[in-house]
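Quick note on this note's numbering: the sequence shown kicks off at 250 and runs consecutively.
First up is the structure itself, then whatever we jot down about it.
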Amino acid sequence: MTDIDLQINAGDKFALIGENGTGKTTLFRLILGLEQPDSENAEITIAKNAILGYLEQQVNLNSDTDALFDAEIFDLQEKMQELANGLADTSARHNEAEHAQILDQYNSITAKFESLGGYTYQYRLAEILAGLGIDLATARRPVRELSGGEKMRVQLAQLLIREPDVMLLDEPTNHLDHQAIEWLENFLQKTASTILLISHDRFFIDRIATRTAELSGGRLTVFPGNYSNFVKLSNEQQKSLNKNIDKIKAELDKQTDITQTMLSHRKISSYRSSQKKEAIISQKLGHLKSKLKNKPTQLNIKILKGQDLGDPTRTLISTKDLYVQFPGQVEPLFRPFSWSLQGKQKIVVVGVNGCGKTTLLKSLLGNEPHAFGTVNLATDIKYGFLGQLIEFSDETCTVVESLAEVQPNWTEAISRNELAKYGFRGIDVFKPLNTLSGGERSRLYLCHLLSEKPDVLFLDEPTNHLDINSCEILENALVKYEGSIIAVSHDRYFIEKIAQYILGFIGGTIQRFNNYNAFRRVEEQAIAAQTKRSQTVETTIIPQQQDISDNNSLNETDNSYETDNSYETDNSKSDDTDDTNKITSQNKRKLWSKKEVRLENSLNNLQTLPNNQMQTRRFKALGDETLASLARKIDIAIKQKNKMESKFETATDPEIYVQYEQLLILIDQYESIYLKLAEILENREIIK
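This is how it looks when you write it as C-alpha cells:
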C-alpha cells in the first residue's frame, strides 16, 4: 500500500474489498496499532477516547474460562460490591474522610463498568446469543474446547455485547448460517458504532455499507454506497478513463508526428517546442493510466468433461427413506428423505447450522456411519468432494509436488501450466502447503479435484475463503460446468447464480423449493407458527411473568425502589420513609420464600416432561423467551440500583446502604433463577 488517504466518519459503515493478499487485514492492523507503517511520514489519527474492537478472521482463543464469561466485567462487579459495603460501613461509623476516598474509587470503577456495558450485559448477552445461534451450552464451555467456527462466533458475540465506538470486522459472516447473517445485518444497520468491514459476502455488503472501497495495486478507490453501487460507479469510471486515454493517445500520436516533421525539416526551435508538448501529453497519459484498475489475478478455472455428463435424463443419485440418527438421540437428525439427482442438475442445500447439511452430503457419498435407508449411486460415475476443512496428505510438500501426487503422469511443465489457471504462478508453485492462506488452499484443492474430471461435484461452503473476484470466477465456471452439482452454501450471491432449485432444511424435514426466497418465506412461517404454539403452552410449562416475581417485586413499570423521596439530604425522616423500608423488607421476604419455591418446582418439572422433538422445540422457544424476560428484569433492577448509587455522595442517612444491599440481594436472586433455568434447559438438551 502506498499513499493511502482515508477518513472514516462517526457512524460510517465502511466496506473494504479486494483480492486476497492485497493488504486489507494489514490496513486494519495498522489502524489498531498492531503493525507500524514503513514510512516515517505516515499518520494514523484516532478520535480521542474512542474505543476500538476487532474481530480477527483467524481466532486464537485458548482459555479455561467460560466462552462468554467476561472476566473484566465480573471482576468490576465484585469490586463494586466490595466498595459499596465499604461505603455502608464508613457511613455507619461517620468516617467522612475514608468515606470520600472509597466513594472516589467507587465512581471510577462504576464509570469503567458502565463503559464496558456492564449494566446491560445479561440482557444483551441473551439477545446476541440467540441472534448468532450460540446455545448456552456452548457459551458455558471452556474456550479451549470450542471449534474454530464456535470460537469465531463467541468472539463476535463478545464484541457485539460491548458495542465499542468502532468495530473492525474481518470476514464476520464466516461460520454463520443464513439466519445469523440476517440477524447480524439488522444489528449492524441499527448500531451507532462505526463499522469497518472486510467481507467477500456481496449480499452482506449490500445490506450494510454506506461506503465501499477496493484495495488494489497498493491504491484505495472509494465510492459512496454499497457493493452494487461500487461496481456500477467503478465500471463507469473505468469506461470514462479508457475513453480519455484513447483520446490522449491520439493526441500524443499526432504530436509525435509533428515533432518528427519539425526534425525532418530541420526546424530546431519548433522541434524542441513540439518535444516539450509531447512530453506534457505523455505525462498526462501516464497519469490517466495510473488511475486504471489493476487487472485482478486471472484464474482460468475450466471444469473438464467427465464421461457421463451428456445425458440429463440419467439418474445419478437416488435415496429412499434416508435419515441419520446418532447414538443416544431419540429423534433422527432429519426425517426420512426420498429424492433423486439427474444429470446436469445443479442444486444448493440450505439450512441453519447443525441441521445436517454436511451430514447429508456425507450420507450421499456413503461416508456417514449413522445413516439409514437406501442411497443408490450410478455406476461408472466419478464423484468429487470439496469440504469445509481442507486437508492434504503431506502439508510439508510444495504446491507443485502436491499436484504430482494426484496426477503422477503429468510433467512439471503440465502441472505448472494447470496451477497457473488457479492463480499459482512463478515461485508460488514452490510454497509449502502449510504456509498457504485459506483462499489458496481452496484454490489448490479445486485444482486437484477438477483435474480428475468428476461427473458430480459435492461442494461444502466453496466460497468461504475466496475473495470476491475468485468467487465470481468460480461461479461462472460452475455455471458452464456440464455435470451435476450438490452444494451447501450460505452465500446468497452464489445460491442465486448456481441453484436450479433448493433443498431446504425446515423443522427436521428436507423440502424442495424453486429458489432461496421461497425457502425463506416458508422458514419464516414455520418459525412464526412455532412461536405461536410455544406461547399457547406457556402456562403449563413455565409460570408467566407475574408468577416469576411477586406483585410487590420489580417489573417493567414498578417503582418500589424509587429513591427520589426516600433519601433526602436532611436528617428528617417522614412516616413515608419508614413505610418504604418496611415494604422493601417485606418484598424481600415474600419474593424469596413461597414464590421462589413455586418457581423452583415449575422449573424442576421440566426434567420429568416427555423427551420428543416437538416438545423440545417448544421448550427451546419458550426457554429463550423466558430467559430474555428475566434479563429485562435484571436490567431494570440494575438501573434502579444505578439511580440509588447516584445519591451516595449527598446522602447522610446510612439507611440508604441497607436498602442498597437489599436491592443487590434481589438482583442476585434474579440472576440465580436465570442461571437455574439455563442449566435445566441445557441438561434437558433443549438448547442445541
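C-beta: ideal position from N, C-alpha, C; glycine also.
Consult DSSP for R456 and reduce its assignment to one of helix, strand or coil.
Position 207 of the sequence shown, counted from the first residue, corresponds to residue 456. Correct three-state label for R456: helix.
From which residue to which residue does the alpha helix (DSSP H) around I351 run?
Locating residue 351 in the sequence shown gives position 102, where the first residue counts as 1. It spans E345 to S364 - the alpha helix (DSSP H) in which I351 sits, taken as one unbroken run.
Decide if T387 is buried, meaning its Cβ has at least 16 other Cβ atoms within 10 Å, or exposed.
To locate residue 387, count along the sequence shown from 1; it is residue 138. By the 10 Å Cβ count, T387 comes out buried.
By Cβ distance below 6 Å, which residues in the same chain neighbour I916 in space, the five residues on each side in sequence not counted?
The sequence position of residue 916 within the sequence shown is 667, counting from 1. Same-chain partners within the cutoff: A886.
I need the straight-line Cα distance from I776 to L378, nearest angstrom please.
Walking along the sequence shown from the start, residue 776 turns up at place 527. Walking along the sequence shown from the start, residue 378 turns up at place 129. So the two alpha carbons sit approximately 17 Å from each other.
Limits of the unbroken beta strand (DSSP E) element including F479
On the sequence shown, residue 479 is found 230 positions in, with the first residue counted as 1. Not the beta strand (DSSP E): F479 falls in the alpha helix (DSSP H), residues Y476 to S513.
Residues near L698 by beta carbon distance below 8 Å, same chain, minus five either side:
By one-based count along the sequence shown, residue 698 stands at place 449. So the qualifying residues of the chain are G633, F634, L635 and L706.
Pick out whichever of E710, K273, V597 and V678 has its Cα sitting closest to the Cα of L469.
Here residue 469 refers to the residue found at position 220 of the sequence shown. Checked all of E710, K273, V597 and V678; the closest Cα to L469 is K273.
Based on the DSSP output, what are the partners of Q591 in its beta bridges?
Locating residue 591 in the sequence shown gives position 342, counting from the first residue. Per DSSP, T564.
So L437 and K262 are in contact, right, with Cβ under 8 Å, and what is the actual spacing, rounded?
Position 188 of the sequence shown, counted from the first residue, corresponds to residue 437. Position 13 of the sequence shown, counted from the first residue, corresponds to residue 262. Correct: roughly 7 Å between the Cβ atoms.
Report the option in E874, Y909 and L879 whose CA atom is closest to the CA atom of Q889.
If you number the sequence shown from 1, residue 889 lands on position 640. Here the closest residue by C-alpha is Y909.
Segment limits, alpha helix (DSSP H) that includes K525:
As a position in the sequence shown, residue 525 is number 276, starting the count at 1. I517 to S539 is the span of the alpha helix (DSSP H), which, as asked, contains K525.
Beta-bridge partners of N625, as assigned by DSSP:
Locating residue 625 in the sequence shown gives position 376, where the first residue counts as 1. Its beta-bridge partners are S567.
Are the Cβ atoms of L913 and M893 separated by less than 8 Å?
The residue labelled residue 913 in the question sits at position 664 within the sequence shown. The residue labelled residue 893 in the question sits at position 644 within the sequence shown. No. Outside cutoff.
Per DSSP, Q760 is paired with what?
On the sequence shown, residue 760 is found 511 positions in, with the first residue counted as 1. Partner(s): G753.
Count Cβ pairs between the stretch 441–457 and the stretch 332–343 that sit closer than 8 Å; are there 3 or more?
no
Give me, in chain order, the residues of the same chain whose beta-carbon lies closer than 7 Å to that of Q354; leave out the 5 immediate sequence neighbours on both sides.
Taking the sequence shown and counting its residues from 1, the one referred to as residue 354 is at position 105. Cβ neighbours of Q354 beyond the five flanking positions: L332.
For the stretch 592–608 and the stretch 752–760, state whether three or more C-beta atom pairs, one from each stretch, are separated by less than 8 Å.
yes
In this structure, does DSSP put G367 in helix, strand or coil?
Start at 1 with the first residue of the sequence shown, and residue 367 comes out as number 118. Here G367 sits in helix by DSSP.
Nearest-angstrom beta carbon gap, S651 and L693 [assumed within contact, 8 Å]
Position 444 of the sequence shown holds residue 693. Position 402 of the sequence shown holds residue 651. Indeed they touch by this definition, with Cβ atoms about 7 Å apart.
In its own chain, which residues sit with a C-beta less than 6 Å from the C-beta of F673, not counting the 5 before and 5 after it?
Reading the sequence shown from its first residue, position 424 is the one you call residue 673. Cβ within range, chain order: V648.
Assign V579 to buried or exposed, taking buried as 16 or more other Cβ atoms, counted over all protein chains shown, within 10 Å of its Cβ.
By 1-based counting over the sequence shown, the position of residue 579 is 330. Burial call: exposed.
Ignoring anything shorter than 4 residues or poking outside the stretch 272–341, list the alpha helix (DSSP H) runs there in chain order.
273–281 and 320–341
The ligand FAD heavy atom lying under 7 Å from the CB of Q407:
The ligand FAD is absent from the structure shown, which contains no ligand whatsoever.
Using the three-state DSSP reduction, which class does R390 fall into: helix, strand or coil?
Along the sequence shown, read from residue 1 onward, the residue named residue 390 stands at position 141. Residue state, collapsed to three classes: coil.
Assuming I717 contacts R451 under a Cβ cut-off of 8 Å, what Cβ separation, rounded to an integer in Å, is found between them?
Position 468 of the sequence shown, counted from the start, is the residue given in the question as residue 717. Position 202 of the sequence shown, counted from the start, is the residue given in the question as residue 451. Going by Cβ atoms, the distance from I717 to R451 rounds to 6 Å, so yes, they are a contact pair.
Let me make sure I understand the geometry here. Which of D324, L325 and E347 has the alpha-carbon closest to that of G335?
The residue labelled residue 335 in the question sits at position 86 within the sequence shown. With distances taken between Cα atoms, G335 lies closest to E347.
Report the rounded CA-to-CA distance for E920 versus K439, giving the unit in angstroms.
One-based indexing of the sequence shown puts residue 920 at position 671. One-based indexing of the sequence shown puts residue 439 at position 190. Their backbone Cα atoms lie some 28 Å apart in a straight line.
Contact under 8 Å by Cβ, I735 with L590:
The residue given as residue 735 occupies position 486 in the sequence shown. The residue given as residue 590 occupies position 341 in the sequence shown. Cβ atoms of I735 and L590: closer than 8 Å.
Apart from the five residues on each side of it in sequence, which residues of its chain come closer than 6 Å, Cβ to Cβ, to K746?
Looking up residue 746 in the sequence shown gives position 497. Within the same chain, K746 has close Cβ partners E724.
Tell me, please, whether the stretch 763–777 touches the stretch 609–628 by the rule of three or more beta-carbon pairs shorter than 8 Å.
no
Per DSSP, what kind of secondary structure is D709 in: helix, strand or coil?
As a first step, residue 709 must be located in the sequence shown, where it is residue number 460. Strand at D709.
Skipping 5 residues on each side, what residues in its chain have a beta carbon closer than 8 Å to that of S686?
Residue mapping note: residue 686 aligns to position 437 of the sequence shown, counting from 1. Hits under 8 Å: N269, G270 and H714.
Rounded C-alpha distance that separates Y476 from I497:
For the purposes of this step, residue 476 is taken as the residue at position 227 of the sequence shown. For the purposes of this step, residue 497 is taken as the residue at position 248 of the sequence shown. For Y476 and I497, the distance between alpha carbons rounds to 31 Å.
Over what stretch of residues does the alpha helix (DSSP H) that includes Y730 continue unbroken?
For the purposes of this step, residue 730 is taken as residue 481 along the sequence shown, with counting starting at 1. From DSSP, Y730 is part of no alpha helix (DSSP H); its letter is neither H nor E.
For S700 versus E731, is the C-beta spacing smaller than 8 Å?
Taking the first residue of the sequence shown as 1, we reach residue 700 at position 451. Taking the first residue of the sequence shown as 1, we reach residue 731 at position 482. No, the Cβ-Cβ distance between S700 and E731 is not below 8 Å.
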